[in-house]
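S.K.:
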Ligand SMILES: NC(=O)c1ccc[n+]([C@@H]2O[C@H](COP(=O)([O-])OP(=O)(O)OC[C@H]3O[C@@H](n4cnc5c(N)ncnc54)[C@H](OP(=O)(O)O)[C@@H]3O)[C@@H](O)[C@H]2O)c1
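In the numbering used here, the protein residues as written are 93 to 384.
1) On the three-pair Cβ rule with 8 angstroms, is the stretch 274–285 touching the stretch 331–346?
2) Is residue 164 near residue 341, with beta carbons less than 9 angstroms apart?
3) When DSSP labels each residue in this structure, what does residue 166 get in the three-state scheme?
4) My output table needs one value for residue 193: the three-state DSSP class, helix, strand or coil.
5) Tell me which same chain residues have a C-beta within less than 8 angstroms of the C-beta of residue 421, skipping the five on either side of it?
6) Output the residues surrounding ligand 1, defined as those with a CB atom closer than 5 angstroms to any ligand heavy atom, in chain order.
7) Compare the Cα-Cα distances from residue 299 to each of 330, 314, 239 and 255 and report the closest residue.
8) Kindly identify the DSSP beta-bridge partner or partners of residue 345.
9) Grab me the residues of residue 321's own chain with a C-beta within less than 6 angstroms of its C-beta, minus the 5 sequence neighbours each way, in chain order.
10) Would residue 99 be called buried (16 or more neighbouring beta carbons within 10 Å of its own) or exposed?
11) Helix, strand or coil: which one does DSSP assign to residue 331?
12) Mapping DSSP to helix, strand and coil, what is residue 268?
13) In angstroms, rounded to a whole number, what distance separates the CA positions of residue 118 and residue 295?
14) Which stretch, first to last residue, makes up the alpha helix (DSSP H) that contains residue 117?
15) What do you get for residue 145, buried or exposed, if any count of 16 or more other CB atoms within 10 angstroms of its CB means buried?
16) Contact check, residue 167 vs residue 220 under 8 angstroms by CB: the rounded distance?
17) Which residue or residues does DSSP assign as beta-bridge partners of residue 153?
18) Report the three-state DSSP secondary structure of residue 202 (helix, strand or coil).
19) Between residue 181 and residue 231, which are expected to be in contact by the criterion C-beta below 8 angstroms, what is the C-beta distance as a whole number of angstroms?
20) Between the stretch 200–218 and the stretch 246–256, are three or more C-beta pairs nearer than 8 angstroms?
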């Protein structure tokens, strides 16, 4: 299976590359590239650069994990957000008409007012980031019958930004305010890779939009679970309200629901409790993920 992996230097792309490099023939690209990792440089928002790329490779599948997920930057510069999230997608669809494209999308295509969003629910993004992800999804689904959407919630392993931050604070005995009124459904990286593998390998997929996520949980309780499983004092995790905080674009409930995905791909999702307990503390500065 030959794969063009965009965003290969990013957090999502690195997980994909590490997991599947020996199984698939992967050509990784990113905006700047990385010679050491054999990742090519290509600005995918540049139409002619993407056409040039298409002269040199003809992948069976494109995993489109390039984009800008920085919510504040997207708000400040909607054009940049459009270029990174929408234009890159349009260029790939045009330049690679024969490839199956799996677009890595986000829970932010929903408004975050009620949670439990299913794959078939109408989208209603409120942020520039969410609007550009939604626009890429809709364009792709309309323009190509080989375009598939895989939405995830915040992806986590032992090195996810939120968990690294928590670990640093808890290690130095600092209390951390965590919102008990901001719900989401964080995606464990092994579940993501499992679902992605099925989407890549299944020749005739029965649906166009898929969700991979964990159970709905508040940020407060997720932080508590992490503190307990990593052996920290969980009393340092303090209950706070997003309504009194300064964090913009944190919604009441952005959680996804994934029954259709699990049933149609025959996938089972574990619990955050089990996953967080599988993150093994190696020393005080690093956490590795043990085999589940
Ligand atoms: N991380 C999550 O929890 C999460 C959750 C839901 C959805 N997603 C989606 O997954 C995608 C990747 O997220 P991430 O966490 O991996 O982000 P990231 O770590 O910031 O990586 C972004 C990647 O996109 C590449 N890129 C950006 N603009 C590009 C362009 N014009 N041309 C070519 N490559 C470009 C970057 O290349 P350079 O490094 O060379 O600049 C980098 O490889 C995003 O679209 C995001 O919406 C992520």
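Just so it is clear, CB atoms sit at the ideal spot from N, CA and C, and this is done for glycine as well.
M.R.: Taking the geometry as given:
1) yes
2) On the chain shown, residue 164 is found 72 positions in, with the first residue counted as 1. On the chain shown, residue 341 is found 249 positions in, with the first residue counted as 1. Cβ distance < 9 angstroms, so residue 164 and residue 341 count as in contact.
3) As a working mapping, residue 166 is identified with position 74 in the chain shown. The answer is helix: DSSP assigns residue 166 an H, G or I state.
4) Within the chain shown, the letter at position 101 stands for residue 193. Residue 193 falls in the strand class under three-state DSSP.
5) Nothing about residue 421 can be read from this structure; the chain reaches only from 93 to 384.
6) 99, 101, 102, 103, 104, 122, 123, 124, 135, 136, 137, 157, 158, 159, 161, 176, 196, 198, 244, 246 and 247
7) Numbered from its first residue, the chain shown carries residue 299 at position 207. For the residues 330, 314, 239 and 255, the minimum Cα distance to residue 299 belongs to 239.
8) Within the chain shown, residue 345 is the residue found at index 253, counting from 1. Paired residues: 275.
9) One-based indexing of the chain shown puts residue 321 at position 229. The answer, listed in chain order, is 368 and 369.
10) On the chain shown, position 7 is the one that residue 99 refers to. With 16 or more Cβ atoms within 10 Å of its Cβ, residue 99 is classed as buried.
11) Position 239 of the chain shown, counted from the first residue, corresponds to residue 331. Strand at residue 331.
12) Position 176 of the chain shown, counted from the start, is the residue given in the question as residue 268. Three-state result, residue 268: strand.
13) Residue mapping note: residue 118 aligns to position 26 of the chain shown, counting from 1. Residue mapping note: residue 295 aligns to position 203 of the chain shown, counting from 1. So the alpha carbons of these two residues sit roughly 18 angstroms apart.
14) Walking along the chain shown from the start, residue 117 turns up at place 25. Note, residue 117: premise wrong, no alpha helix (DSSP H); beta strand (DSSP E) at 117–122.
15) Here residue 145 is taken as the residue at index 53 of the chain shown, counted from 1. So residue 145 counts as buried.
16) Locating residue 167 in the chain shown gives position 75, where the first residue counts as 1. Locating residue 220 in the chain shown gives position 128, where the first residue counts as 1. Indeed they touch by this definition, with Cβ atoms about 5 angstroms apart.
17) Residue 153 sits at position 61 when you count from the first residue of the chain shown. Answer is 95 and 192.
18) Walking along the chain shown from the start, residue 202 turns up at place 110. Looking at residue 202 - three-state DSSP - the assignment turns out to be coil, as it is neither helix nor strand.
19) Within the chain shown, the letter at position 89 stands for residue 181. Within the chain shown, the letter at position 139 stands for residue 231. That pair is a contact at about 6 angstroms.
20) no
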